[in-house]
Every structure is written in C-alpha cells, then in structure tokens.
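Residue numbers (our numbering): 27 to 152.
Note that beta-carbon positions come from the ideal geometry of N, C-alpha and C, so glycine has one too.
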C-alpha cells in the first residue's frame with residue numbers, strides 16, 4: 027500500500043496531456059526496504075473505459091520518456107499507473123548496503139552520458 031497519496035498533483039511535464047485527455051494525476055509514494063521510495067503516478071483519463079494499464083519504464087529512466095505511450099492509452103480511456111525502476115526517475119537515490127552485494131548507489135546518469143561529459147577521455151577517467 028502507498029505510504030502517501032497526493033490527489034490531483036500538478037506536473038508541468040504533463041501539461042499538454044491535461045489539455046487533451048488527462049483528468050488528473052494522483053501521486054503515490056511507496057516505501058520499500060532499504061530506505062528506497064518509489065514515486066508512482068496514476069494518470070486518470072477524462073473519459074474512462076474502466077480499465078487499468080500498468081506502465082513500467084524499466085532501466086531507461088523516468089517514465090516521462092513514455093509520455094507519448096501514456097497519452098495514447100489515455101486517449102483510449104485507460105487509466106495508467108506509471109513506475110520507474112528504483113533509484114531512477116523521481117525515486118529517491120540513497121546509498122544502499124546489501125549484505126550479499128555490498129554498497130551500491132545510482133551511477134546510471136554518469137554511465138549514460140557521452141564519455142567526454144563523464145570526464146572520460148581516451149579510455150581514462152580524469
């Protein structure tokens with residue numbers, strides 16, 4: 027169950043959906059083990075077909091990247107629950123210490139930048 031539910035939240039990144047097919051966004055915060063939080067959006071269409079679509083962005087980042095897909099689903103009347111992987115998107119990014127794997131934290135933003143932006147030149151880091 028969500029630890030927190032914020033009804034009718036505002037997110038300017040989805041303003042065009044509000045003008046077209048989106049009735050509202052409800053923001054859910056789910057508390058998980060190891061201090062991880064998952065921020066989930068429930069997109070409610072203006073004209074609902076009483077069906078729910080679960081959208082998960084996977085390892086590519088924030089579900090904002092799926093905005094066109096979410097819009098298409100809303101256009102068809104689906105409610106959409108959208109998730110991002112832990113440590114990505116709007117989720118918190120604590121350093122987590124797992125007995126089996128050790129300490130880890132989010133490095134993906136550095137790893138997905140072009141090498142010169144991450145400070146790597148000629149195979150060596152600065």
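DSSP three-state label for residue i, please.
i: residue 104; result: coil
Just how far apart, CA to CA, sit residue i and residue j?
i: residue 112; j: residue 79; result: 20 Å
i: residue 220; j: residue 40; result: Residue 220 cannot be examined here, being either before or after the span of the chain that is shown, 27 to 152.
i: residue 81; j: residue 97; result: 12 Å
i: residue 59; j: residue 101; result: 36 Å
i: residue 95; j: residue 75; result: 17 Å
Tell me which same chain residues have a C-beta within less than 7 Å of the C-beta of residue i, skipping the five on either side of it?
i: residue 29; result: 55, 56, 57
Among the residues of its own chain, which have a CB less than 8 Å from the CB of residue i, if the five just before and after it don't count?
i: residue 66; result: 28, 53, 54, 55, 56, 107, 108, 109
So, at 6 Å on beta carbons, what are the nonlocal neighbours of residue i in its own chain, with the 5 sequence-adjacent residues on each side left out?
i: residue 85; result: 111
If you pair each beta-carbon of the segment 86-101 with each one of the segment 28-35, do three or more pairs fall below 8 Å?
Judged by Cβ distances under 8 Å, the segment 86-101 makes no contact with the segment 28-35, as fewer than three pairs qualify.
Going along the chain, which unbroken runs of the alpha helix (DSSP H) with 4 or more residues stay wholly within the segment 45-108?
Runs of the alpha helix (DSSP H) inside the segment 45-108: 93-101.
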